[in-house]
Amino acid sequence: MIILFFISLITFVNSLSLKQVLLAIDCGGQESFNSKEGYLYQDDQYFSGDSRVSDYTYNDVVYAGIAYTFTPRVYFTERHGNSFDYSIPIIKDGQYTIILQFVELYFENEGDRQFDVFIGTNRILHNFSIIDNKHQKGYAKEVFIYIEIKDDKVFYNDQECSKGFVNGKLKIGFRKGAADLPKVDGIVIVKGHNAGEEEKNYLIDNWEQMLEENRKKEAELQRAELEAQNMIVPDQVEQDEGEGLFSFLLSPIGIGIIVFGMSVFGLLIFTGENEEQKNKNKKKNKSK
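Those letters in the sequence shown? Residues -15 to -1, 1 to 273, by mature numbering (1 follows the signal peptide of the UniProt record, and there is no 0).
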């Protein structure tokens, strides 16, 4: 826990308050898990349409490491297809940030995959390519979309997104564009418009330096924890039940109790034998 806390401080991944994150979805994922920031990624849900799941756990790029993120697990799986939606429940009016998380693990070049992203019927991203001048294959990419929900309507850039908020659910759509199929790896819904986009850009611009700092700090904290463990005094180490009893019996008090018990046991046997002898003598006297 200590290590994860300091990693978050170094890499700026803790820029999101845990109270701000309303929902995080690991698209294509089958199990929930905690991010480095400490908020919960839920298993894949709220989706509909023509789509399927891919798992890249054993992909060579994944094995080498996803760049631009310290929570790579969300990028191990994806949902992709011809046309699919996520209908995400949001209870209260207010300002929100949608963070769409992507990584390209199949294509090599910019434009090999291009797709559109909608809120309701309004197109927010057109012929969007995950790979660009800053993001190669295996580089995590986040897109921040700032919206406002008011009176059962959703607004983007002060324009209403028709059918974007229906029955208390925000509708995010993924549609085919100029090349191949749309996909998404994660969706995070954040309360407010201070969702850490500047920190994310700083992380990208200084990735190698921050990655090295992260490795050094993690190694230092691991070494500190090992040193702390080696400083434990042996008699403070908790013994198991058997070892504790054995040590007690060998102590002066334990030996005293054993001796006393044996003495009492011997006295009882001696008393019993005397009583038995007296009874025998009485029987003999009566027979005479």
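Ideal placement from N, C-alpha and C gives every residue a C-beta, glycine not left out.
Please read all numbers here as calculations on a predicted model, not as lab measurements.
**OP:** Taking Glu89 as the reference, give the member of Glu16, Ser20, Leu166 and Glu133 with the closest Cα.
**Re:** Among Glu16, Ser20, Leu166 and Glu133, the Cα nearest to that of Glu89 is on Leu166.
**OP:** Confirm, please, whether the CB-CB distance from His65 to Lys156 is below 8 angstroms.
**Re:** No; because the gap between Cβ atoms is not below 8 angstroms, this pair is not in contact.
**OP:** Below 6 angstroms CB to CB, which residues in the same chain sit around Phe103 once its five sequence neighbours on both sides are set aside?
**Re:** These residues qualify, in order along the chain: Gly158.
**OP:** Measure from the alpha carbon of Lys122 to the alpha carbon of each residue in Asn112, Arg108, Gly105 and Arg98, then state which is nearest.
**Re:** Ranking the options by Cα distance to Lys122, first place goes to Arg98.
Original post:
Taking Cβ to Cβ, would you say Asp40 is nearer than 8 angstroms to Thr62?
Top reply: Closer than 8 angstroms, so yes.
Original post:
What separation, rounded to the nearest whole angstrom, lies between the Cα atoms of Tyr124 and Gly153?
Top reply: Cα-Cα distance, rounded: 34 angstroms.
Original post:
Which term fits Arg58, buried or exposed, when burial requires 16 or more other beta carbons within 10 angstroms of its beta carbon?
Top reply: The C-beta of Arg58 has 16 or more other C-beta atoms within 10 Å across all chains shown, which makes the residue buried.
**OP:** Mark Ile76 as exposed unless 16 or more other C-beta atoms lie within 10 angstroms of its C-beta, in which case mark it buried.
**Re:** Burial check for Ile76: the Cβ neighbour count within 10 Å stays below 16, so the residue is exposed.
**OP:** If I'm right that Ile84 touches Tyr31 with Cβ under 8 angstroms, what's the distance once you round it to whole angstroms?
**Re:** 15 angstroms between Cβ atoms; not a contact.
Original post:
Apart from the five residues on each side of it in sequence, which residues of its chain come closer than 7 angstroms, Cβ to Cβ, to Gln51?
Top reply: One point to set straight first is that residue 51 is Ile, not Gln, in the sequence displayed. Result list for Ile51: Pro57, Tyr60, Val88, Gly123 and Ala125, in chain order.
Subject >> Cα-Cα separation, Glu210 to Ala204 >> reply: For Glu210 and Ala204, the distance between alpha carbons rounds to 10 angstroms.
**OP:** Identify the continuous beta strand (DSSP E) that holds Asp143 and give its terminal residues.
**Re:** Looking at the DSSP string, Asp143 is not in any beta strand (DSSP E), and its letter there is neither H nor E.
Subject >> Anticipated Cβ contact below 8 angstroms, Gly162 with Phe100, distance rounded >> reply: Distance from Gly162 to Phe100 at the Cβ level is roughly 4 angstroms; contact confirmed, criterion being Cβ atoms closer than 8 angstroms.
**OP:** Give the range of the alpha helix (DSSP H) segment to which Ala209 is assigned.
**Re:** Under the DSSP assignment, Ala209 falls in the alpha helix (DSSP H) whose first and last residues are Trp192 to Asn215.
Original post:
Using the C-alpha atoms, what's the distance from Gln86 back to Glu127?
Top reply: As the crow flies, the alpha-carbon of Glu127 is around 5 angstroms from that of Gln86.
Original post:
For the candidate residues Phe69, Tyr131, Glu16 and Thr42, whose alpha-carbon lies nearest to that of Asn179?
Top reply: Checked all of Phe69, Tyr131, Glu16 and Thr42; the closest Cα to Asn179 is Tyr131.
Original post:
Between the beta-carbon of Cys146 and the beta-carbon of Gly171, is there less than 8 angstroms?
Top reply: No, Cβ-Cβ distance for Cys146 and Gly171 is not below 8 angstroms.
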